[in-house]
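Peer 1: Protein chains in written order, with this note's numbering: chain Z, 1 to 296; chain E, 1 to 196. Positions of the beta carbon are idealized from the N, C-alpha and C atoms, including for glycine. Take this structure first; my questions come after.
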Amino acid sequence: MAEKTVGTWAVKVGLAQMLKGGVIMDVTNAEQAKIAEDAGACAVMALERVPADIRREGGVARMADPTKIVEIMEAVTIPVMAKARIGHFVEAQVLEALGVDYIDESEVLTPADEENHIDKHNFKVPFVCGCRNLGEALRRIGEGAAMIRTKGEAGTGDVVEAVRHARAVLGEIRRLQNMRPDEWMRVAKEMGAPYELVKETAELGRLPVVNFAAGGIATPADAALMMQLGVDGVFVGSGIFKSGDPARRAKAIVEATTHYNDPEIIAKVSRGLGEPMVGRAAREIPEKELLAVRGW
Amino acid sequence: MKIGVLALQGDFIEHVQVLRALGADAVEVRQPDELRDLDGLIIPGGESTTFGKLAIEYGLIEPIRALCNAGKPVWGTCAGMIFLAKDIGRPQPLLGLMDVKVKRNAFGRQVDSFEIDLDVSALATTENGQPKPFHAIFIRAPLIESIGKAVEVLAQLDDGTIVAARQGNLLATSFHPELTQDTRFHRYFLERVGKR
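Right under this line is the structure:
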């Protein structure tokens with residue numbers, strides 16, 4: 001019989017395919033990870049501080065302490081993701097050595113390199129990266145990202161930027177589909193994206209990898225909104241554990257993501273969830289505090 | 001032929017696309033009434049713990065058991081295989097239909113996920129006079145530790161690990177035929193599983 005091959009593109013993209021239609025939740029310890037798993041999360045993101053706290057406390061935000069990540073990996077059976085700083089390929093090597101299931105090369109942490117992202121093809125572990133538009137998504141895929149998410153504006157509880165980024169990506173794909181093949185090269189040049197990926201996206205009518213929403217999702221209706229816009233699933237960061245009743249809200253967001261086309265169910269699960277995270281309008285955040293502009 | 005694909009979470013769209021390409025009428029199932037009039041059901045890959053919570057919350061466990069007990073073919077891939085099993089050695093909501101003991105995340109974490117060519121004699125196809133292997137994709141995959149008397153093994157790794165099995169109208173695979181271009185497992189399910 002043939003040999004096993006590991007770390008292939010198919011298994012990297014494949015894990016993201018298994019996460020579709022699900023909710024990936026930010027957690028900072030084993031107890032939160034259990035709450036997320038019990039609520040039906042399809043994966044958790046292990047980090048030291050949720051984005052709302054990173055925003056409030058300031059300072060340099062780095063990869064979480066490995067002790068914390070391992071504690072979370074031991075607490076749950078679902079996949080565990082962890083964040084590395086943009087361009088910090090040694091943090092990524094450490095996360096791979098720990099055995100995390102996915103690495104988020106994330107603008108939520110303080111970038112380690114303002115010019116270059118990680119060469120993600122060099123790793124066996126798959127990566128997810130944020131984007132604001134199709135060009136940025138395809139540049140990250142070109143570097144080896146096996147999953148894409150919108151950047152949104154993390155730690156705000158304001159969904160407006162996630163909507164903007166999802167509409168940008170999905171709208172640009174719809175425009176591509178209406179183009180003649182002899183126009184793809186011009187688009188590739190304008191977007192600063194690899195031609196082969198522009199071509200593949202035009203032919204598929206979707207990104208060649210799974211595409212989630214992230215950055216500001218705080219309610220079941222926010223999650224369903226992103227799903228109806230056409231993303232494959234959602235990340236919820238500060239929105240759960242900065243709310244009044246995390247277990248209940250987490251479960252409600254999971255149900256709204258599955259039944260995103262059923263307003264009666266969304267209405268039912270949205271009742272009496274307690275205080276949502278306080279939130280901060282993305283529009284009122286000073287330019288230098290915006291996270292989505294990190295990376296290119 | 002109308003085949004449901006459980007669409008609570010996971011890679012259900014991939015199954016729907018293969019079924020439609022084979023000419024079957026494929027529908028997504030999230031609520032009990034969507035199980036009516038089905039000729040079969042596929043439980044896709046995804047997270048089995050998520051399936052369990054949502055299946056209980058939305059009253060799907062008993063209707064799926066009834067569908068199975070009525071002799072309709074039911075196939076679980078990866079998380080779907082876990083959800084079909086009688087025993088997985090830990091407390092978690094299950095359909096408990098197939099007489100197998102399954103171990104979750106049995107090959108390790110994501111960095112240990114793999115691809116391999118399998119010999120599956122039940123698919124009985126040849127290429128240049130040789131049996132044509134089935135290219136199998138295993139993602140944080142489960143394995144079958146032991147089987148009951150009524151269960152037939154369909155595929156094993158070199159070391160004897162059971163990765164595909166059938167029990168009457170039930171089919172289970174550790175891997176994901178829906179992620180490949182090879183439609184033989186889907187055809188096997190449509191044409192042979194559930195037929196006596």
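Got a sec: which bits of the segment 7–25 of chain Z sit with their beta carbon under 9 angstroms from any beta carbon on chain E, in order along the chain?
Peer 2: So the list reads 7, 8, 10, 11, 12, 13, 14, 15, 17, 18, 19, 20, 21, 22 and 23, given in the order they occur along the chain.
Peer 1: Buried or exposed for residue 88 (chain E), going by 16 or more other Cβ atoms inside 10 Å?
Peer 2: Looking at its Cβ environment, which holds 16 or more other Cβ atoms inside 10 Å, residue 88 (chain E) is buried.
Peer 1: Let me know the secondary structure DSSP gives residue 15 (chain E) once reduced to three states.
Peer 2: In the structure shown, residue 15 (chain E) sits in a helix (DSSP, three-state: H, G or I).
Peer 1: What are the boundary residues of the beta strand (DSSP E) that residue 152 (chain E) is part of?
Peer 2: Looking at the DSSP string, the run of the beta strand (DSSP E) that includes residue 152 (chain E) is 152–156.
Peer 1: Roughly how many angstroms lie between the CA atoms of residue 196 (chain E) and residue 43 (chain Z), to the nearest whole one?
Peer 2: Any reading at residue 196 (chain E) is ruled out, since the residue's pLDDT is 48, under 50, leaving its predicted position unreliable.
Peer 1: How would you list, in chain order, the residues of chain Z whose beta-carbon sits under 8 angstroms from the beta-carbon of residue 53 (chain E)?
Peer 2: Under the 8 angstroms cutoff, chain Z gives 38, 39, 40, 251 and 254.
Peer 1: Pull out every residue of the segment 72–98 of chain Z whose Cβ sits closer than 9 angstroms to any Cβ of chain E, in chain order.
Peer 2: Those would be 73, 76, 77, 78, 79, 80 and 96, in chain order.
Peer 1: Residues of chain Z with CB under 7 angstroms from residue 105 (chain E), in chain order?
Peer 2: Here the neighbours are 77.
Peer 1: Any C-beta of chain Z within less than 8 angstroms: which residues of the segment 168–195 of chain E qualify?
Peer 2: If the cut-off is 8 angstroms between Cβ atoms, the segment 168–195 of chain E has 176 and 179 near chain Z.
Peer 1: What is the DSSP secondary structure of residue 9 (chain Z), counted as helix, strand or coil?
Peer 2: In this structure, residue 9 (chain Z) counts as helix in the three-state DSSP scheme.
Peer 1: Are three or more beta carbon pairs between the segment 173–188 of chain Z and the segment 149–157 of chain Z nearer than 8 angstroms?
Peer 2: The segment 173–188 of chain Z, when compared against the segment 149–157 of chain Z, does not touch it at the 8 angstroms Cβ threshold.
Peer 1: Quick check: is the beta carbon of residue 33 (chain E) nearer than 8 angstroms to any beta carbon in chain Z?
Peer 2: So, not an interface residue.
Peer 1: For the segment 171–205 of chain Z, which residues have a CB atom closer than 7 angstroms to at least one CB atom of chain E, in sequence order?
Peer 2: Answer set for the segment 171–205 of chain Z: empty.
Peer 1: Cβ closer than 8 angstroms: which chain E residues qualify as neighbours of residue 124 (chain Z)?
Peer 2: In chain order: 111.
Peer 1: Residue 81 (chain E): buried (16+ other C-beta within 10 angstroms of its C-beta) or exposed?
Peer 2: When all chains shown are included, residue 81 (chain E) counts as buried.
Peer 1: Residue 126 (chain Z) to residue 139 (chain Z), Cα distance in whole Å?
Peer 2: Cα to Cα, residue 126 (chain Z) sits roughly 16 angstroms from residue 139 (chain Z).
Peer 1: Given a threshold of 16 other Cβ atoms within 10 Å of its Cβ, counted over all protein chains shown, does residue 102 (chain Z) qualify as buried or as exposed?
Peer 2: That one is buried.
Peer 1: Report buried or exposed for residue 125 (chain E), applying the criterion of at least 16 other Cβ atoms within 10 angstroms of its Cβ.
Peer 2: With fewer than 16 Cβ atoms within 10 Å of its Cβ, residue 125 (chain E) is classed as exposed.
Peer 1: Can you confirm whether the segment 4–18 of chain E touches the segment 38–48 of chain E when touching is taken to mean that 3 or more C-beta pairs between the two stretches lie within less than 8 angstroms?
Peer 2: The segment 38–48 of chain E is in contact with the segment 4–18 of chain E.
Peer 1: Can you tell which of Z:267, Z:78, Z:82 and Z:211 has the C-alpha that lies nearest to the C-alpha of residue 62 (chain Z)?
Peer 2: For residue 62 (chain Z), the nearest C-alpha among the options comes from Z:82.
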